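Everything in the sequence shown is counted per our numbering, starting at 848 for the first residue and increasing by one.
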Amino acid sequence: MLEIRPAQEADRSAIVQLWHQGWHDAHAHLVPAEILAYRTPAHFSLWLEQSTDAFHVAVGDGLLGFVSINGVELVKLYVSPQARGSGTARDLLSHAEHLLSEQGVAEAELFCTAGNVRAQRFYAREGWRLSRSFEDALWLPDNVAGRFTVETHCYRKHLGFR
848 MLEIRPAQEA DRSAIVQLWH QGWHDAHAHL VPAEILAYRT PAHFSLWLEQ STDAFHVAVG
908 DGLLGFVSIN GVELVKLYVS PQARGSGTAR DLLSHAEHLL SEQGVAEAEL FCTAGNVRAQ
968 RFYAREGWRL SRSFEDALWL PDNVAGRFTV ETHCYRKHLG FR
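Below, the structure written as structure tokens:
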């Protein structure tokens, strides 16, 4: 049985591992190759440590996925390869939408790297609509010079108040 709950410190390692794997699976072929040196588990761990997002995890036989929200934004949604096609992504998305709505968010937004076709199709199926596209700067550690951008889509969904 799937349980969705707030992330705990004990989930940290599994979140970092899933995030690293999921990011590379969905994004590595869409970004400049130079970025990949800064997408190691250590970098994802640093991101998680510095994040102000509210993380929630889907747990079944281990950690199957996670979602994070911040303000009006659904920031991250990752599902393990073994959970793909099981409804876990839909459950996490619905959970995040409910949390945002409960916080008074009438219209939520999320950002998706252009070319991440699986994610784009999923969000469209779940009622999210493309609002705009723009070039977004990719994160680099503070001590690294340079700037890389990638085309990014902003999706919006009217949630209303519950």
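Positions of the beta carbon are idealized from the N, C-alpha and C atoms, including for glycine. Only a predicted model underlies this, so the values are computations on that prediction, with no experimental measurement involved.
Is it the case that the Cβ atoms of Y925 and G907 are separated by a distance below 8 Å?
no
Any idea if T899 is buried or exposed, counting beta-carbon neighbours within 10 angstroms, 16 or more meaning buried?
exposed
Specify, as a first and last residue, the run of the alpha helix (DSSP H) that F969 falls within.
964-972
Please report the residue range of the beta strand (DSSP E) in which I851 lies.
850-853
Thinking C-beta only, is E944 closer than 8 Å to L987?
no
Quick one: any contact between the segment 876-890 and the segment 991-1002, if contact means 3 or more CB pairs under 8 Å?
yes
Note down the Cα distance separating R937 from I916, rounded to an integer number of angstroms.
15 Å
Leaving out the 5 sequence neighbours to the left and right, which residues in its chain are closer than 6 Å to K1004 when beta-carbon positions are compared?
A955, G974, W975
Segment limits, beta strand (DSSP E) that includes E956
954-960
Report the option in V991, D858, W870, A875 whose CA atom is closest to the CA atom of P928.
W870
Restricting to runs no shorter than 4 residues, where is the alpha helix (DSSP H) found entirely within the segment 859-945?
859-874, 888-897
Where DSSP assigns a beta bridge to A1030, which residues make up the other side?
Because residue 1030 is not part of the residues shown, which for the chain are 848 to 1009, the question remains open.
Proximity to Q950 [Cα-Cα], best of A961, E920, L849
E920
Distance between V914 and L957 (C-alpha atoms, nearest Å)
12 Å
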